[in-house]
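Notes follow once the structure below has been shown.
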Amino acid sequence: MNYCKIFLKPKKEESLLRFHPWVFSGAIQSIEGNPEEGDLVKVYGTNQRFLAIGHYQIGSIAVRILSFKPITIDADFWVERIRVAYAIRRELGLAGVENNNTFRLIHGEGDNLPGLVIDMYAHTAVMQAHSVGMHYARHEIAEALKTVLGDTLQNIYYKSEATLPYKANLGSEDGYLYGGEVEDIATENGLKFCVDWQKGQKTGFFVDQRENRSLLERYAKGHSVLNMFCYTGGFSFYAMRGGAEVVHSVDSSAKAISLTNKNVELNFPGDLRHKAFAEDAFKYLEKMGSNYDLIILDPPAFAKHKNVLRNALQGYRKLNAIAFEKIKPGGILFTFSCSQVVSKENFRLAVFSAAAQSGRSVRILHQLTQPADHPVNIYHPEGEYLKGLVLYVE
Ligand code: SAH
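With the working numbering, letter number 104 in the sequence shown gets 98, and the count goes up by one each step, no holes.
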């Protein structure tokens, strides 16, 4: 195969020599050949030194690196990468066990496959491409998935309409690459939930909160719980299993509320401890009383880009301030940010300001992050995106 060659400006090779998996467009000195978006390209430093091979894309991140060795990206490559990722999930006790069949199998850079996300729900893999290169490789990836997962895999749903660069004009349509039998009930830590990968947000479920939900379960006994931004109700049914007295779930999306009700019914049929409300978070928080002593705030990413960071931090401050003001004395607040551009320090500062505004005594009990099936590539610290604090509010 003939690859186009990307030559970097002097001194711009440093980050690749430290295995950072992105080449920014500003680092490129010249291009030999005429690469199309999504093509495999080879990257060179000074003195024609080979640095890496990756997917070319038009935009600020020009190349997403697949390997720092001069290898061929073929069927064996995909099988090997997926095999390692699957072995890790087995090691973690998330795959091949009885009480859990929901996990992230491929977490982009964290699994050395930038631009690719694959979540597993029972026998279904939901595949999401964030780069044109991964889009073109989707059928090869599907074959590799079948090879590695064998009989456990019955469906592969490709869901990239919303994640591929819009300008690339790929006309990608969501749909099955394999199978198509909708078996939409999956298990997480022994709890069941319906997952709608076709119409749901992201790949259908927020797999990244699994361990934080488990932690919440340990705190839930006897508490009156508010699960704000509940989506499919994950935190709610863990709270119920943990022995909460009351659980209220709130989300502005009526669809999310109906999914939450369905999931609670699946696990705790006819249980009157739970109620769900389709309402805006700020409206609900403003008008609610001081009845809750365990509150979860897991909002959508307030900042998707660096230039709106300031507003996002204000948003986190405002949201948390109402919770601090209203939570019962001795209450516990689980508060999160999933914005990649909001650093741990900035998030903590926003929550700190909110606490100070309320004047209450606040202790940090836990500092939370994403679980091990969303690994962070040590050379790509940007991959750490989920931040959470568990706070005791006196
Ligand atoms: N905690 C969830 C994931 C939350 S995702 C889980 O464990 O699965 C964020 C949710 O916030 C989405 O379901 C979205 O519909 C909801 N949302 C967005 N804006 C909102 C608002 N202003 N008020 C209430 N909910 C909102």
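For every residue, glycine included, the Cβ atom is placed at its ideal position computed from N, Cα and C. Everything numeric in this text was worked out from a predicted model, so none of it was measured.
- For Trp16, the closest alpha carbon among the candidates Asn28, Val35, Cys(-2) is that of Val35.
- In the structure shown, the three-state DSSP call for Glu211 is helix.
- Taking 3 residues as the shortest admissible run, the region 298 to 338 contains the following complete beta strand (DSSP E) segments, listed from N- to C-terminal end: 325 to 331.
- Taken from the Cβ of Ser247, at least one heavy atom of the ligand SAH lies inside 7 Å.
- Gln203 counts as buried, since no fewer than 16 other beta carbons sit within 10 angstroms of its beta carbon.
- Counting C-beta atoms within 10 angstroms of its own C-beta, Tyr386 has fewer than 16 neighbours from the protein chains shown and is therefore classed as exposed.
- Straight-line measurement puts the Cα of Asp245 at about 29 Å from the Cα of Gly109.
- With a cutoff of 7 Å, Phe229 counts as near the ligand SAH, since its C-beta is closer than that to a heavy atom of the ligand.
- Relative to the ligand SAH, Phe341 has its C-beta separated by 7 Å or more from all heavy atoms.
- With a minimum length of 4 residues, the unbroken runs of alpha helix (DSSP H) contained wholly in the region 95 to 178 fall at 126 to 130, 132 to 143.
- Bounds of any alpha helix (DSSP H) do not take in Tyr225, whose DSSP letter is neither H nor E.
- Inter-residue distance for Met121 and Gln23 is about 34 Å (C-alpha atoms, whole angstroms).
- Fewer than three pairs of CB atoms, one per stretch, sit closer than 8 Å, so the region 134 to 142 makes no contact with the region 215 to 228.
- Collapsing the DSSP output to three states places Tyr232 in a helix.
- Its chain contains Leu45, Ala46 as the residues whose beta carbon lies nearer than 6 Å to that of Leu10, once the 5 sequence neighbours on both sides are disregarded; these appear in chain order.
- Measuring C-alpha to C-alpha distances from Pro159 to each of Thr197, Val78, Gln51 identifies Gln51 as the nearest.
- Shortest Cα-Cα distance from Phe62 to any of Gly39, Val73, Tyr115, Arg83 involves Gly39.
- Taking Leu380 as the centre and dropping the five residues before and after it, the same chain places the C-beta of Asp202, Cys332, Thr363, Gln364 closer than 6 Å to its C-beta, in chain order.
- Across the structure, Arg84 and Gly237 are spaced so that their CA atoms are roughly 30 Å apart.
- Here Gln361 carries a strand assignment [DSSP, helix/strand/coil].
- Residue burial is scored here from C-beta neighbours: Leu2 has at least 16 other C-beta atoms within 10 angstroms and is therefore classed as buried.
- Taking C-beta atoms as the reference points, His101 and Val91 fail to come closer than 8 Å.
- Annotated as distal: Ser230 and Val240, with beta-carbon spacing of 8 Å or more.
- For Cys188, the Cβ stays outside the 7 Å cut-off from all heavy atoms of the ligand SAH.
- For Ser252, the enclosing alpha helix (DSSP H) begins and ends at 248 to 261.
- Listed as beta-bridge partners of Ser24 by DSSP are Phe1.
- Straight-line measurement puts the Cα of Asn371 at about 10 Å from the Cα of Leu107.
- Residue environment for Gly382: buried (at least 16 other C-beta atoms within 10 angstroms of its C-beta).
- Look at the beta carbons and you see the region 113 to 129 touching the region 149 to 168: at least three pairs across the two are nearer than 8 Å.
- Its chain contains Cys(-2) as the residues whose beta carbon lies nearer than 8 Å to that of Asn28, once the 5 sequence neighbours on both sides are disregarded; these appear in chain order.
- Rounded to the nearest angstrom, the gap between the Cα atoms of Thr96 and Phe271 is 26 Å.
- Assignment of Gly377 by DSSP, reduced to helix, strand and coil, places it in the helix class.
- In this structure Gly104 touches His368 by the C-beta definition: roughly 6 Å separates them, less than 8 Å.
- Collapsing the DSSP output to three states places Asp245 in a strand.
- In this structure, Ala180 lies near Ala116, with their beta-carbon atoms less than 8 Å apart.
- Contact between the region 191 to 198 and the region 259 to 271 is absent, with fewer than three C-beta pairs closer than 8 Å.
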